[in-house]
Amino acid sequence: MNIKSLLAVTLLSATGLVHAQSAGSFIVYGGAAQINPQVESGDLTAPSLAGTKVDVKKASSFVGGVTYFWTDNISIDLPIALPFKHDVVGAGAIEGVGKLGTVKSLPMTLLAQYRFGDANSAFRPFVGAGPTYGYFFKPRATATLSGITGGSPATPTTLSMKSRLGATLELGAAYNVTKDWSASLSVTKTFIKTTGSLSTGQTIETTLDPVSIKFGVGYRF
Amino acid sequence: MKPLFTRIAAASVALLGSLLVAGCGGGGATADTTPKFSPSAVVSFGDSLSDQGTYKVGTVAALGGGQYTVNGIGPHWLERIATLYGLAKPCPAQQGLDGLASQGFSVPVKNNAGCFAYGQGGARVTNPVGPGNKLLGGSNAVLGQLTVPVVTQMQNHLTAAGGSYKGTELVFVYAGGNDVFINLATVQATIGAGGDPTAAATAGVTAMGKAGAELAGYVKALVVGKGAKNVVVINLPDVSLTPFAKSLPAATQGLVLQMVNTFNDQLKTGLSGADVVWADAAQGVRDQIADPAKFSLTNVTTPACDLSAAKNPLGSSLVCSAANVIAGDVSHYLFADSVHPTPYGNQLLSQLVALELARKGWL
């Protein structure tokens with residue numbers, strides 16, 4: 537569906553006076569999201585080269601979730617995503633070494649949203665806020681990480697990232713395409729830190745603070 | 457609108473379905489240690505810092521020695537690098553000794569087919585007579601190191617390999633220390649014989665510059681020029697920071713530093729334009745000694761080996777092992793003897809080399 541026809545449907549729905557997003561509605565949606573960490577890395581603890589830092593690259597995945605309309609304007613949103621797989625690369629004193637490993641993330645967020653407009657508005661911008669639990673799992677290190685930390689294929693150096701609680705702010709908008717179908721786009725900023733650890737004993741404090749973009753198509757139950 | 461219960465049930469089914477798809481598994485930390493480049497072999501040229509057991513024969517082997525470190529307690533830097541690529545421990549291209557038969561230091565020289573670790577203790581860049589060579593007389597004649605110079609090592613490899621590289625070898629060049637020791641001894645001898653100290657020092661530094669330029673020339677002509685595509689040149693570590701240099705007067709330490717810097721400058725200048733990886737071991741050692749704790753080093757001044765005549769007949773890490781180290785925990789000492797690194801020092805060097813290999817996209 538191109539933008540023009542989407543817009544046409546939207547206008548039709550709007551004039552049709554449907555009550556797409558009213559109190560008590562459940563909207564289950566599916567779509568995609570990209571998480572782009574805005575990394576501020578601390579220094580890796582000893583033993584290491586002074587100023588050894590890391591960067592965590594952006595990742596995309598499928599995302600779904602459910603939105604419950606508490607009132608016509610206040611909703612609760614629970615996104616559920618497939619894991620995001622991020623590259624962890626060297627920075628600072630080890631800039632240029634490339635990938636040290638990958639780590640999967642599963643951000644678990646519960647958002648309280650305020651939606652502007654009426655239940656039957658076609659276009660409804662919204663703001664949201666809520667807690668996020670950043671769950672990091674399945675870290676997989678590279679030969680490079682072993683090489684620069686004294687590991688070997690027999691005893692490779694591995695990495696891990698501590699799962700942590702953070703906070704998320706959201707800005708978005710939804711189009712009610714029909715009475716039951718809607719499309720939404722939102723940008724979120726999550727404030728979250730983590731501690732990376734190596735099997736060789738070093739740790740690194742890292743601020744991730746990702747900016748995420750999420751697109752979804754929802755159906756009202 | 458459908459009843460609330462039906463709507464909740466329908467929404468739950470949709471959600472559960474997505475959760476099943478998400479299938480979040482366990483979080484075990486693993487590693488994929490496959491490097492980005494798979495060399496067919498590791499080939500190395502140099503001196504004691506790359507020696508994989510050239511003199512691990514006769515009495516040296518009997519004493520549990522063979523490499524210039526604390527033997528037997530951890531892999532050498534070159535072995536660590538080979539291991540990263542899934543290759544076997546590098547073996548010495550040549551073995552033997554030409555010293556005193558009465559002490560078990562006369563062992564016929566043999567060449568090991570398929571072994572490409574050419575580095576030999578005492579080897580210089582060009583001059584065939586380095587420290588420990590019997591032609592220098594005195595205590596040198598006791599051990600009788602072969603000291604085949606780097607230029608000959610490179611030629612020997614070309615002979616063994618049929619005149620050229622396949623282009624799949626990972627080649628290391630790491631030399632210059634023995635040129636410092638011999639040139640420094642020459643300066644001291646000249647001054648001792650009444651020569652002009654300034655002129656003697658200048659001559660020593662000039663000779664080091666020449667050696668550095670020569671090494672660069674050999675790398676270009678005999679390695680890169682013969683088809684080697686993956687070449688790592690490790691510069692000369694800062695010898696002026698070793699226990700050997702620290703035992704000398706400050707002015708002499710300054711001369712050693714000047715020799716090291718001139719050698720490295722000429723080596724780097726000579727390699728400009730050549731597609732080689734440059735590993736700055738000189739800076740590595742400076743960083744380690746400036747902030748030992750940052751590298752988990754507990755001692756950067758005292759040799760880990762007990763070099764007393766009673767414990768170590770050669771006064772060298774060549775015959776040092778766990779059996780004759782000094783008392784206490786020496787696992788994180790930097791130096792094994794007056795110039796050579798411990799296994800931990802070797803690990804730090806391997807990490808420095810690996811860093812540059814990764815930057816080049818070879819790890």
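Here the protein sequences come in this chain order: A and B.
Straight run, no breaks: the first sequence in our numbering ends on number 757.
Straight run, no breaks: the second sequence in our numbering ends on number 819.
From the three backbone atoms N, C-alpha and C, an ideal C-beta is built for every residue, glycine too.
Inset, instruction - Please work out which residues of its chain come closer than 6 angstroms, Cβ to Cβ, to Gly481(B), disregarding the five sequence neighbours upstream and downstream, and give them in chain order. - result: Along the second sequence, one-based indexing puts residue 481(B) at 25. Note that Gly481(B) scores a pLDDT of 44, beneath 50, so its modelled location is shaky; the value from the coordinates is reported in the next line. Within the same chain, Gly481(B) has no close Cβ partners at all.
Inset, instruction - Using alpha carbons as the reference points, say which of Tyr574(B), Trp533(B) and Ser558(B) lies closest to Gln551(B). - result: As a first step, residue 551(B) is located in the second sequence; it is residue number 95 there, counting from the start. It is Tyr574(B).
Legend entry - Interfacial residues, the region 693-705 of chain A to chain B, with Cβ spacing under 9 angstroms: Thr693, Thr694, Leu695, Ser696 and Ser699
Legend entry - Beta-carbon gap between Gly532(B) and Asn802(B) smaller than 8 angstroms: Along the second sequence, one-based indexing puts residue 532(B) at 76. Along the second sequence, one-based indexing puts residue 802(B) at 346. The question names Gly, but residue 532(B) is His in the sequence shown. A contact, by the Cβ cut-off of 8 angstroms.
Inset, instruction - Please name the residue in Val643(B), Met664(B) and Gly651(B) whose C-alpha comes closest to that of Ala657(B). - result: To locate residue 657(B), count along the second sequence from 1; it is residue 201. Ranking the options by Cα distance to Ala657(B), first place goes to Val643(B).
Inset, instruction - Give the straight-line distance between the Cα atoms of Ser794(B) and Pro692(A), rounded to the nearest whole angstrom. - result: As a first step, residue 794(B) is located in the second sequence; it is residue number 338 there, counting from the start. As a first step, residue 692(A) is located in the first sequence; it is residue number 156 there, counting from the start. Going from the Cα of Ser794(B) to the Cα of Pro692(A) covers about 32 angstroms.
Inset, instruction - Express the C-alpha separation of Leu618(A) and Val477(B) in angstroms, rounding to a whole number. - result: Here residue 477(B) is taken as the residue at index 21 of the second sequence, counted from 1. Here residue 618(A) is taken as the residue at index 82 of the first sequence, counted from 1. Interpretation of Val477(B) is limited by its pLDDT of 46, a score under 50 that renders its predicted location unreliable; no figure is taken from the coordinates.
Inset, instruction - Please look up how many angstroms separate the CB atoms of Thr638(A) and Asp654(A), rounded, as I've assumed it's under 8 angstroms. - result: Start at 1 with the first residue of the first sequence, and residue 638(A) comes out as number 102. Start at 1 with the first residue of the first sequence, and residue 654(A) comes out as number 118. At roughly 45 angstroms, the Cβ-Cβ gap does not stay under 8 angstroms, so Thr638(A) and Asp654(A) are not in contact.
Legend entry - Of the residues Gly566(A), Ala586(A) and Ala559(A), the one placed nearest Ala746(B), counting alpha carbons only: The residue labelled residue 746(B) in the question sits at position 290 within the second sequence. Comparing Cα-Cα distances from Ala746(B) to each of Gly566(A), Ala586(A) and Ala559(A), the minimum goes to Ala586(A).
Inset, instruction - Would you mind giving the Cβ-Cβ distance between Val629(B) and Val695(B), rounded to the nearest angstrom? I have them listed as a contact below 8 angstroms. - result: On the second sequence, position 173 is the one that residue 629(B) refers to. On the second sequence, position 239 is the one that residue 695(B) refers to. Their Cβ separation, rounded to whole angstroms, is 17 angstroms, which puts Val629(B) and Val695(B) out of contact at 8 angstroms.
Inset, instruction - Consult DSSP for Ser773(B) and reduce its assignment to one of helix, strand or coil. - result: Residue numbering aside, residue 773(B) sits at position 317 when the second sequence is read from its first letter. Ser773(B): helix per DSSP, three-state reduction.
Inset, instruction - Consider the Cβ of Leu686(A): report whether some Cβ of chain B lies at a distance smaller than 8 angstroms. - result: As a working mapping, residue 686(A) is identified with position 150 in the first sequence. The question names Leu, but residue 686(A) is Gly in the sequence shown. Yes, because at least one Cβ of chain B sits closer than 8 angstroms to the Cβ of Gly686(A).
Legend entry - Backbone CA spacing between Gly666(A) and Gly528(B) [nearest angstrom]: Within the first sequence, numbered from 1, the residue matching residue 666(A) stands at position 130. Within the second sequence, numbered from 1, the residue matching residue 528(B) stands at position 72. Their Cα atoms are separated by approximately 57 angstroms.
Inset, instruction - Kindly indicate which three-state DSSP category Ser696(B) falls into: helix, strand or coil? - result: Along the second sequence, one-based indexing puts residue 696(B) at 240. DSSP places Ser696(B) in helix when its eight states are reduced to three.
Inset, instruction - For chain A, find out if any of its Cβ atoms is closer than 8 angstroms to the Cβ of Ala485(B); answer yes or no. - result: Here residue 485(B) is taken as the residue at index 29 of the second sequence, counted from 1. Interface residue, yes.
Inset, instruction - Could you tell me if Phe637(B) is buried or exposed, where buried requires 16 or more neighbouring beta carbons within 10 angstroms of its beta carbon? - result: As a position in the second sequence, residue 637(B) is number 181, starting the count at 1. Phe637(B) is buried by the Cβ-count criterion.
Legend entry - Per-residue contacts from Ile630(A) into chain B (C-beta, under 9 angstroms): By one-based count along the first sequence, residue 630(A) stands at place 94. What Ile630(A) touches in chain B: Leu811, Ala814 and Arg815.
Legend entry - Closer than 8 angstroms to chain C by CB, Arg536(B): Absent from the structure: chain C. Protein chains present are A and B.
Inset, instruction - Answer yes or no: does any C-beta atom of chain A fall closer than 8 angstroms to that of Pro491(B)? - result: Locating residue 491(B) in the second sequence gives position 35, counting from the first residue. It does; some Cβ of chain A falls within 8 angstroms.
Legend entry - Near-chain A residues of the region 733-750 of chain B (beta-carbon distance less than 8 angstroms), N- to C-terminal order: Asp743, Asp747, Ala749 and Lys750
Inset, instruction - Using the Cα positions of Lys729(A) and Phe751(B), report the straight-line distance between them to the nearest angstrom. - result: Within the first sequence, numbered from 1, the residue matching residue 729(A) stands at position 193. Within the second sequence, numbered from 1, the residue matching residue 751(B) stands at position 295. Taking the straight line from one Cα to the other gives about 26 angstroms.
Inset, instruction - Check the Cβ-Cβ distances between Ala586(A) and every residue of chain B, and say whether any is below 8 angstroms. - result: Position 50 of the first sequence, counting from 1, holds the residue named residue 586(A). True, the Cβ-Cβ gap to chain B drops below 8 angstroms.
Legend entry - When Gly586(B), Pro564(B), Ser806(B) and Glu670(B) are compared against Val607(B), the one with the closest alpha-carbon: As a working mapping, residue 607(B) is identified with position 151 in the second sequence. Residue Glu670(B) is the option with its Cα nearest to Val607(B).
Inset, instruction - Tell me whether Gly710(B) sits in a helix, a strand or coil according to DSSP, three-state version. - result: Position 254 of the second sequence, counted from the first residue, corresponds to residue 710(B). Gly710(B) falls in the helix class under three-state DSSP.
Legend entry - Same chain only: Cβ atoms within 7 angstroms of Lys590(B), ignoring 5 sequence neighbours per side: Translated into positions along the second sequence, residue 590(B) becomes position 134. Hits under 7 angstroms: Asp554, Gly555, Asn596, Ala597 and Gly600.
Inset, instruction - Would you please verify whether the beta carbon of Gly634(A) is less than 8 angstroms from any beta carbon of chain B? - result: The count along the first sequence starts at 1 and reaches residue 634(A) at position 98. Chain B, which has a Cβ nearer than 8 angstroms to the Cβ of Gly634(A), makes this yes.
Legend entry - Min CB distance Leu540(B) to chain A below 8 angstroms: Translated into positions along the second sequence, residue 540(B) becomes position 84. It does; some Cβ of chain A falls within 8 angstroms.
Legend entry - Min CB distance Leu819(B) to chain A below 8 angstroms: If you number the second sequence from 1, residue 819(B) lands on position 363. By this cut-off, Leu819(B) is an interface position.
Inset, instruction - Use the C-beta contact count for Thr685(A): other C-beta atoms within 10 angstroms, 16 or more gives buried, fewer gives exposed. - result: Locating residue 685(A) in the first sequence gives position 149, counting from the first residue. Classification of Thr685(A): buried, given that the 10 Å Cβ count is 16 or more.
Legend entry - Contact under 8 angstroms by Cβ, Asp503(B) with Gly577(B): As a first step, residue 503(B) is located in the second sequence; it is residue number 47 there, counting from the start. As a first step, residue 577(B) is located in the second sequence; it is residue number 121 there, counting from the start. Yes.
Legend entry - Ser806(B): first and last residue of the uninterrupted alpha helix (DSSP H) it sits in: Walking along the second sequence from the start, residue 806(B) turns up at place 350. Segment Pro799 to Lys816, the alpha helix (DSSP H) holding Ser806(B).
Inset, instruction - Can you give me, in chain order, the residues of the region 670-683 of chain A that have a beta carbon less than 8 angstroms from any beta carbon in chain B? - result: Tyr671, Phe672, Phe673, Lys674, Pro675, Arg676, Ala677, Thr678, Ala679, Thr680, Leu681, Ser682 and Gly683
Inset, instruction - With distances taken Cα to Cα, identify the nearest neighbour of Ala737(B) among Lys492(B), Ser500(B), Leu505(B) and Gly484(B). - result: For the purposes of this step, residue 737(B) is taken as the residue at position 281 of the second sequence. It is Leu505(B) whose Cα lies nearest to the Cα of Ala737(B).
Legend entry - Listed by chain order, chain A residues near Ser558(B) by CB distance under 9 angstroms: Along the second sequence, one-based indexing puts residue 558(B) at 102. Correct list: empty, because the minimum Cβ distance to chain A is about 42 angstroms.
Inset, instruction - Measuring only between beta-carbons, confirm whether Ala582(A) sits less than 8 angstroms from chain B. - result: Here residue 582(A) refers to the residue found at position 46 of the first sequence. Judged by the 8 angstroms Cβ criterion, Ala582(A) is in contact with chain B.
Inset, instruction - Using a Cβ cut-off of 8 angstroms (strictly closer), state whether Pro689(A) contacts chain B. - result: Here residue 689(A) is taken as the residue at index 153 of the first sequence, counted from 1. So yes, Pro689(A) belongs to the interface.
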